[in-house]
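Heads up: the sequence shown begins at 10 in the numbering used here, then just goes up one per residue. All C-beta atoms in this analysis are idealised placements derived from N, C-alpha and C, irrespective of residue type, glycine included. Since we're looking at a predicted model, the values are computed, not measured.
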Amino acid sequence: MRSPLRLYGRSGELASLDALLTRLQRGDGGALVLAGPPGSGRTALLAHALAAHRDRDAGPVLHVVGAPDERWVPYSGLHALLCAAGPAPGAPARVPRDGLLALLRRLGGGRPLLVCVDDAHLWDPDSRAALAFAARRLGPGTPVAVLIAAGDEAGLAGLPALRPGPLDEEAASALLDRLTGADRADPVARGELLREAAGNPGLLTALTARLTPDQLTGRTPLPHPLPGGDEVLAAHADRVGHLPAATRTLLLIAAAAHAHEPEGAGADLALVRRAAASAALPPATSDLALHAPGGTAGALRRAGDRVHFGEPLMRRALLHRAPPDRRRAVHALLAGLLAPGPAALIQRACAAPGPDAPLAAALEAAAAPPRPHADRATALVHAAGLTPDEAARSARYAAAAEQYRLAGDPGRARALLARAGRTTGPAHHTRGLLALADEPAPDAHAALLTAAALLAPHDPGRARDALLGAAEAAWAAGDALGYLEALTRIPADAADRDLAHYRDGMCAVLRGRTGAGHLLLRRCLGSDAREPEALLRAGAAGLVLGDLDAACRAGTRALAAAHASGADALLPQALEHLAYAELRAGRHARARAHALDGLRAARRTGRPNTAAHLHAVLALAASVESGARECAAHAGAALAGAAPHGLVQAETLATWASARADLAAGRPAEAAARLDPLVRPGPRRGHFATRMLAVPCYVEASVAAGRAVRGGGAVAEAVAEFAVWATRTTDPQVPAQLARCRALLAPDAEAAGRYAEALAHHDRAGGDFEQARTRLLFGSWLRRRRRTREAREPLRDALVGFERCGAPAWAARASGELRAAGAAVEVPGPAKAAAPLAGLTPQQARIARCVAEGATNREVARRLSVSTRTVDHHLRNVFAALGVRSRTELAGLLGNGC
């Protein structure tokens with residue numbers, strides 16, 4: 010179907026309309042009601058169907074729109090329908106209910122007729138009943154379809170209905186992009202428009218149309234409140250305009266009672282009842298409105314001891330429609346009924362006719378712990394609105410922005426910072442922390458250093474926090490010098506010895522004084538801190554030390570503290586730190602679970618930079634547990650977010666994950682090519698704190714791909730650097746990994762001893778995955794030297810280890826090596842389905858899989874440590890056994906998945 014105007018977020022509705030018109034074109038009629046609130050797009054859907062029917066040249070169309078002034082004129086709706094039909098032979102001036110269907114058949118003249126009635130809720134009851142009577146009887150063999158767009162379904166019961174709801178964020182954003190065209194809205198304007206529109210496409214269109222290009226692009230401030238919504242809000246209020254005056258007053262009370270409640274929490278039913286009684290509303294009115302949905306025409310719904318508005322815009326519409334004096338009187342009434350405290354203060358603020366400095370000060374004082382951050386932000390916004398002094402008002406808007414940031418609402422935080430104007434340090438601090446979450450890390454680093462300089466003279470605590478944020482940004486960007494610069498600017502504070510130990514310890518480690526640095530960082534691990542930020546620093550200290558168990562414990566405590574503090578903005582970061590620590594400790598399943606939780610939290614709280622790091626962690630977990638496809642998806646997402654924002658740590662981890670997945674799939678050349686720039690000097694060098702973690706994979710891949718030069722070269726240099734780093738960490742896996750790297754590069758006379766050394770280290774350190782990798786390499790080394798009987802034990806142990814830690818791709822590698830060593834191995838479930846391989850020898854099956862993946866004979870020979878002549882010989886036998894004549898046929902037979 011072609012639409013004259015693209016409709017966003019309405020794919021389901023469009024599919025239903027398409028199905029109705031297709032049936033109509035075949036001669037089978039039907040009916041459909043489009044029921045939705047004003048601005049929801051029901052008229053646009055109707056226009057879409059009209060245009061599509063005309064494009065098909067399927068038949069005539071009747072289109073009529075309800076008129077408000079004729080709502081109570083009997084049969085005025087049917088009369089309008091007849092007028093739309095024009096002069097028709099035998100058309101009566103008045104149509105009885107049971108005669109409308111016959112008339113519609115006649116009007117079609119034997120061709121498919123589409124009848125579209127817009128704003129049918131404005132038709133008189135008799136016309137609506139007659140239309141519904143006829144529409145219920147349309148079906149196969151009746152070439153008439155009726156589309157009815159209405160604000161409600163009154164009088165249309167029994168007809169199939171579509172109820173277009175609010176647009177989701179993606180669809181609303183796409184619509185806003187189309188409305189703004191080339192002048193894309195800046196983030197603050199975008200967030201304000203999307204929030205005010207609440208998913209209503211009509212309201213979003215109206216609000217956008219009233220803003221100037223300069224306001225849309227952020228060159229001039231936005232007006233508050235945003236203009237342009239009067240018509241849509243008035244239409245919402247009109248939907249309850251026919252209710253009795255007492256019921257409308259009750260609805261206004263319920264709307265005002267939401268003001269001091271958290272968003273989405275509804276209003277307190279008991280408070281609404283008490284306010285209704287104080288306003289002398291009849292008890293019968295309250296009972297009917299609060300207990301029966303029909304009592305308020307569906308506007309108000311009860312859920313336990315709370316009441317909610319069924320449509321998100323109805324509450325705002327009622328407050329907007331009410332005269333200011335009446336609205337303030339209702340808020341004053343509610344304030345008098347509430348106990349002294351923040352809720353009463355907010356209601357008093359809503360009732361205030363103008364600035365009120367004492368009330369503003371009381372609200373600011375109420376915005377304190379232990380109240381949730383969002384509640385504190387609400388109180389501060391009201392305080393700012395009542396503040397007559399411009400500087401104090403800006404400061405309160407900036408404070409509210411910081412609370413919204415902590416509550417995980419960066420959009421509102423940015424909107425309030427725009428209202429705060431060009432204030433000093435606190436606003437710059439909040440801007441920098443917001444940038445740390447979703448802008449390039451170097452930009453956040455610079456912004457936070459600026460904020461620290463502005464704050465230092467009068468707010469040293471926030472200046473210190475800004476410097477810690479700048480250090481975090483530099484770490485994410487892989488800027489070791491920037492990290493040191495930020496930390497060294499933090500002044501000594503005898504009251505916070507844990508922070509002093511962290512600062513001095515990290516600086517010492519980065520300057521090469523590892524022993525002194527580790528001693529100081531070790532003290533951070535013994536801290537009894539309870540703040541999530543301090544516990545996150547303790548976890549980071551554990552990772553730098555290599556004390557992975559301590560890092561996991563600190564991460565768990567940080568997550569619990571973030572939950573307890575109500576700071577939703579800290580949850581993604583706490584989950585990221587915990588997931589990464591668990592990944593380093595070899596607990597891949599736990600790391601994956603926490604990283605997925607963190608990813609959801611990061612999306613909910615607007616932290617795409619944290620999401621990029623979490624995708625990198627998930628890619629590393631997938632390179633062990635889930636295989637190349639899932640690893641590639643997460644690595645791609647990590648790199649897509651990390652590259653434009655300069656997140657070098659996330660890039661390093663994602664690249665390492667992709668290389669490890671390549672190794673698992675038997676693609677060592679690809680793995681070595683990915684890792685070579687990361688571990689060697691150059692502009693693409695990996696993150697200073699994580700690049701060494703990838704060296705064992707780099708060595709393994711380079712040796713398997715034939716890129717290592719024994720006794721020298723880039724691989725030997727990487728091992729030498731890894732050996733130096735091994736002396737600076739207490740990570741229990743590193744000594745084993747170093748011995749394994751040396752075994753891979755050692756001459757045959759020394760290799761077995763090096764592998765034995767590595768396995769001895771593994772026995773002390775534990776960790777199934779890394780130990781199984783060493784056993785796999787040792788067994789493969791033995792098999793390639795024709796020591797197949799000796800190879801079977803380490804290969805079998807490797808297979809068991811990989812199976813125990815849930816690494817199927819690695820287990821498949823071990824299984825293939827074990828079969829090649831002459832051991833009988835049960836084929837895993839998915840491989841059993843590969844029946845064509847059942848008749849091949851283990852070596853032939855391995856060669857067939859490699860060739861099906863696209864490897865050349867030379868590449869296969871390098872992977873399996875055999876000659877190209879051997880590969881060619883086996884491949885001819887594979888072709889003969891499987892009845893294929895080309896590599897393409899072989900790949901098709903094996904489904905490219907072997």
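Query: Span of the beta strand (DSSP E) around A637; Result: Element bounds for A637: not the beta strand (DSSP E) but the alpha helix (DSSP H), 637-654.
Query: Whole-Å CB distance - C750 paired with V704, under 8 Å assumed; Result: 7 Å
Query: 9 Å Cβ cutoff, P222 in contact with chain B; Result: Looking at the structure shown, chain B is missing, and only one protein chain is on hand.
Query: Burial state of P332 (16 or more Cβ within 10 Å); Result: exposed
Query: Reference V887; option with closest CA among S789, V860, V875, A864; Result: V860
Query: Local Cβ density within 10 Å of P101, reported as buried at 16 or more and exposed below that; Result: With a pLDDT of 48 at P101, under the threshold of 50, the predicted position of this residue should be treated as unreliable, and no value is reported.
Query: Beta-carbon spacing of L354, A326 below 9 Å; Result: no
Query: Cβ neighbour criterion (16 or more within 10 Å) applied to R440; Result: buried
Query: Extent of the continuous alpha helix (DSSP H) to which C92 belongs; Result: 85-94
Query: Distance, R520 Cα to A489 Cα; Result: 10 Å
Query: 9 Å Cβ cutoff met for E766 and A781; Result: no
Query: Where A816 sits in the DSSP three-state scheme; Result: coil
Query: Nearest-angstrom Cβ-Cβ length linking G417 and R613, presumed shorter than 8 Å; Result: 7 Å
Query: Simplified DSSP assignment, three categories, for L176; Result: coil
Query: Residue from E399, D398, A410 with nearest C-alpha to L389; Result: A410
Query: A377 - containing beta strand (DSSP E), residue span; Result: First-last for A377: undefined, no H or E at that position.
Query: L41 - partner residues in DSSP beta bridges; Result: L156
Query: Cβ neighbour criterion (16 or more within 10 Å) applied to T699; Result: buried
Query: Supposed contact pair Y84 and D133 - C-beta distance, whole angstroms, cut 8 Å; Result: 7 Å
Query: Closest Cα partner of G909 within the set H438, P851, G86; Result: There is no way to answer for residue 909, as the model of the chain reaches only from 10 to 907.
Query: Nearest neighbour of A243, chosen from A255, L225, A215 [CA to CA]; Result: A215
Query: Local Cβ density within 10 Å of H251, reported as buried at 16 or more and exposed below that; Result: exposed
Query: C-alpha distance - A641 paired with P653, whole-angstrom precision; Result: 19 Å
Query: Beta-carbon proximity of L29 to L156, cut-off 9 Å; Result: yes
Query: Cβ contact (3+ pairs, closer than 8 Å) linking the segment 200-218 and the segment 230-247; Result: yes
Query: Whole alpha helix (DSSP H) elements within the segment 728-756, 4-residue minimum; Result: 743-754
Query: Under 9 Å between C-beta atoms of L544 and G564; Result: yes
Query: Distance cut-off 8 Å: L87 Cβ against heavy atoms of the ligand ADP; Result: The model depicted lacks the ligand ADP and carries no ligand whatsoever.
Query: Integer Cβ distance of A427 from H391, believed to fall under 8 Å; Result: Not quite, the Cβ-Cβ distance comes to about 18 Å (not below 8 Å), so this is no contact.
Query: Contact belief for A288 with I262 at Cβ below 8 Å, rounded distance in angstroms; Result: 7 Å
Query: Environment of H300 [buried if 16+ CB atoms lie within 10 Å]; Result: exposed
Query: T305 versus V249, G273, A424, H317, residue with shortest Cα-Cα distance; Result: V249
Query: V893, DSSP secondary structure in three states; Result: coil
Query: Proximity of L808 and A800 at Cβ, strictly below 9 Å; Result: no
Query: Local Cβ density within 10 Å of W81, reported as buried at 16 or more and exposed below that; Result: exposed
Query: With 16 other Cβ atoms within 10 Å as the buried cut-off, status of V316; Result: buried
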